[in-house]
Amino acid sequence: MNELNALELKLLDGLIKKYPKLKFHLDFLKVSERKITGVGLYVNFEYVNPKIDFEDINVLFSNEENIEIQKLKHGIGYVIDVTDGKILYIEFITYGENWDGKFDEYKIIKNSGYSNL
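Counting from 0, one number per residue, gives the positions in the sequence shown under numbering that gives the first Met the number 0.
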């Protein structure tokens with residue numbers, strides 16, 4: 000199991016601001032796998048303490064943000080899956096561009112409500 004990186008923690012912080020009951024999960028959350036798909040990346044999580052009482056929260060969360068990466072013309076989007084109160088994964092997706100799954104330099108941008116793709 001791996002520790003969460005700075006970007007993953009930052010995105011989860013946005014989730015926690017909207018769903019504060021998930022805050023204590025960070026103490027028990029580890030990365031079980033980072034899987035590169037070519038046009039995206041799945042960061043799958045697992046809990047180190049399975050005896051947690053999970054709230055009834057089911058949401059796909061993106062915080063209306065885009066992540067700019069120097070290598071990609073249109074950057075990437077993301078979604079965090081919370082099912083049955085468990086933070087299951089973050090899915091990062093490009094907008095059709097190939098990507099190696101690396102976040103060398105990035106900038107999180109709030110979406111303006113329209114797309115110029």
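Ideal Cβ positions, reconstructed from N, Cα and C, are used throughout, including at glycine.
Check for me: the beta strand (DSSP E) holding residue i runs from which residue to which?
i          : result
residue 45 : 39 to 46
Is it right to say residue i is buried, meaning 16 or more other beta carbons lie within 10 angstroms of its own, or is it exposed?
i           : result
residue 108 : exposed
residue 7   : buried
residue 101 : exposed
Does DSSP classify residue i as helix, strand or coil?
i           : result
residue 113 : Confidence at residue 113 is low in this model, with a pLDDT of 48, below 50, so the placement of that residue is unreliable and no value is reported for it.
residue 13  : helix
residue 27  : coil
residue 59  : strand
residue 8   : helix
residue 87  : strand
Verify whether the separation of the beta carbon atoms of residue i and residue j is less than 8 Å.
i          : j          : result
residue 68 : residue 79 : no
Original post:
Okay, do the stretch 4 to 23 and the stretch 54 to 62 touch, 3+ Cβ pairs below 8 Å being the bar?
Top reply: yes
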